[in-house]
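As structure tokens, the structure follows; a few thoughts come after it.
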Amino acid sequence: MTTTKQLLKQLKDRDPAKRLSAIKALARDKERQALQQLARMAGDDKDAEVRQMARKAGSYILAQTGGLGADTATTSAASISSPPPKMVDDKGKFIKVKVSDEDKAKASAFLEEAMSYQINGNRAKTLRSLAKALVIDPNMRDDSFFTSLAEDATGMEGEEAIQQLYDEGTHKRVNQAVHESRLQKRVDEHSEETSKATWADVVFDMGLYFVISTVAAIILGFIITQSAQGYIDGIETNWSNVSIATRVVNPDDSTDVRYWLERDEEGDPIYFKQAYPDMTFFANAQQIAATTVATILMASAGFGLASTFLLGLMNGVVHLVAAKMLSGVGRSPYLMHKVTGLFINRTIILGILVGIASLVIFGSGGGMVMQIFAGVIGLVLLLVLFKLISTVGQAYDFGFMKGMMATSAGSMVVAVIVGLGVVFLA
Numbered sequence: 004m005t006t007t008k009q010l011l012k013q014l015k016d017r018d019p020a021k022r023l024s025a026i027k028a029l030a031r032d033k034e035r036q037a038l039q040q041l042a043r044m045a046g047d048d049k050d051a052e053v054r055q056m057a058r059k060a061g062s063y064i065l066a067q068t069g070g071l072g073a074d075t076a077t078t079s080a081a082s083i084s085s086p087p088p089k090m091v092d093d094k095g096k097f098i099k100v101k102v103s104d105e106d107k108a109k110a111s112a113f114l115e116e117a118m119s120y121q122i123n124g125n126r127a128k129t130l131r132s133l134a135k136a137l138v139i140d141p142n143m144r145d146d147s148f149f150t151s152l153a154e155d156a157t158g159m160e161g162e163e164a165i166q167q168l169y170d171e172g173t174h175k176r177v178n179q180a181v182h183e184s185r186l187q188k189r190v191d192e193h194s195e196e197t198s199k200a201t202w203a204d205v206v207f208d209m210g211l212y213f214v215i216s217t218v219a220a221i222i223l224g225f226i227i228t229q230s231a232q233g234y235i236d237g238i239e240t241n242w243s244n245v246s247i248a249t250r251v252v253n254p255d256d257s258t259d260v261r262y263w264l265e266r267d268e269e270g271d272p273i274y275f276k277q278a279y280p281d282m283t284f285f286a287n288a289q290q291i292a293a294t295t296v297a298t299i300l301m302a303s304a305g306f307g308l309a310s311t312f313l314l315g316l317m318n319g320v321v322h323l324v325a326a327k328m329l330s331g332v333g334r335s336p337y338l339m340h341k342v343t344g345l346f347i348n349r350t351i352i353l354g355i356l357v358g359i360a361s362l363v364i365f366g367s368g369g370g371m372v373m374q375i376f377a378g379v380i381g382l383v384l385l386l387v388l389f390k391l392i393s394t395v396g397q398a399y400d401f402g403f404m405k406g407m408m409a410t411s412a413g414s415m416v417v418a419v420i421v422g423l424g425v426v427f428l429a
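Per my numbering, residue 4 is the first one in the sequence shown, and the count goes up by one each step.
In structure tokens:
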């Protein structure tokens, strides 16, 4: 069985594979003795995979071993308000003080934690850990590695860097810098993401949306007209059969009237009843069934063009409100790419849902079924709206409320234009 000492020695092996193996073994053993060496390897190992593994292993060991432990982590703020005095002899040579083994271990733990924070770019926590380490073990002032970490964290040199570890203003500046760095990183990542979409992508997306919406309208037009015609044919066939069928009245209930034209294999009559459809629904079905193929094709093309135009207009208004009025960070091509992709997917889903609804509604003769499907379609549209708001918020890197404001502005413009169009056509 390989000992910890052997694994630590293996960290210096020339073979990257052996160094990786040692790092993994030390991480499995949660070996704190390896933290300092892992921190150095995370920064200067020649192999990128080894550097990454050393960084992950160091963080894992610290997390699994509870960081510094409850007793060490409770060092009060008052105890680190200023650095311990620097003791030198007549020749200016540093004088070490006596420190117990327990305090040395605690200070070393804080130093290990500071290294981990420094590797992960958290300078604020690096300062705090270094300050605590020096209070517990003043001899660290003469440690070159401690001084190096302090200089990296503060941006100053030597004794001035150590003094800054305890300066409240420095801590505030570092905290602010860390905060600004994180914000900038987020902005940079968002900018990188939004820059991936180009106007060429938008043209392709809009063209694809036009084709899909037009084809979907054509298919739905045929499904609806055929369903309506099937409904009408069923009603008219029923009425025709009633006119030539044998009429049978139930002697116990005069309202129970049945008809029959044929007999089954046993010779018994096959009864049916006269249909009494909702005449308003029946009249509407007749108008729908009378729609010609040319009308369906023209209406579908018009729908495709109009919906594509309105989608582009809505995107333009949303971008104007989000970027200019709500100070969102985003690009119009990215918004249009994401929103058009969303509408392409949802148009297909809604098309399938409307097609099924048409078949069921005409198959059942209307009634409550229409209200049920209207509710289902309304729910789907509401979910699309929430997804649209989320997409707008993500495109401009702001929250749900601003996303809703920008989306509402674009939707209202579209609603007004559609309303005016309906009034004009009526």
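Glycine residues also receive a C-beta, built at the ideal position from the N, C-alpha and C atoms. Only a predicted model underlies this, so the values are computations on that prediction, with no experimental measurement involved.
Nearest candidate by alpha-carbon position, reference residue i, set the options
i    : options                : result
A117 : D104, F149, F365, A108 : F149
K128 : M44, H182, T298, I291  : H182
G307 : A325, G210, V320       : G210
D50  : K15, E34, P141, A30    : K15
Q397 : G369, L133, L338       : L338
L29  : Q67, D18, R17          : Q67
S411 : L385, D400, G424, F427 : L385
R31  : D48, A60, M44          : A60
A464 : I352, L362, I392       : For the chain, the structure presents residues 4 to 429; residue 464 sits outside this window and is missing.
S310 : V421, Y234, G233       : V421
D140 : Q179, K21, A110        : A110
L345 : L168, V419, N318, I247 : N318
R43  : L11, A20, D18          : L11
One or two residues paired with residue i in a DSSP bridge
i    : result
N253 : D256
Y274 : W263
Rounded Cβ spacing between residue i and residue j (contact assumed at less than 8 Å)
i    : j    : result
T197 : G402 : Going by Cβ atoms, the distance from T197 to G402 rounds to 17 Å, so no, they are not a contact pair.
F284 : G368 : 7 Å
T228 : I273 : Rounded, the Cβ-Cβ distance is 31 Å, inconsistent with contact.
V372 : V363 : 6 Å
Reduced DSSP category for residue i - H, G, I as helix; E, B as strand; rest coil
i    : result
E265 : strand
E160 : coil
V190 : helix
H399 : Residue identity check: residue 399 is Tyr in the sequence provided, not His. Three-state DSSP puts Y399 in coil, outside helix and strand.
A76  : Reliability fails at A76, whose pLDDT of 40 lies under 50, so the model's placement of it is uncertain and no value is given.
R54  : helix
T197 : helix
P141 : helix
A418 : helix
G210 : helix
L329 : coil
R17  : coil
K33  : coil
G319 : helix
Y279 : coil
G368 : coil
Cut-off 7 Å between Cβ atoms - residues of its own chain near residue i, not counting five sequence neighbours on either side
i   : result
A81 : No answer about A81 holds up, because its pLDDT of 34 lies below 50 and its placement is not dependable.
Sequence-distant residues of its chain with Cβ nearer than 8 Å to residue i (five each side left out)
i    : result
S257 : none
T350 : Y212, I215, S216, A219
N244 : Y262, L264, F275
L329 : Y399, F401, K405, M408, A409
E160 : E154
I165 : P86, L137, R144, T150, A153
Close-in-space but distant-in-sequence residues of the same chain around residue i (CB under 6 Å, 5 per side omitted)
i   : result
E34 : T7
D74 : In this predicted model, D74 has a pLDDT of only 40, less than 50, meaning its place in the structure is not dependable enough to derive any value.
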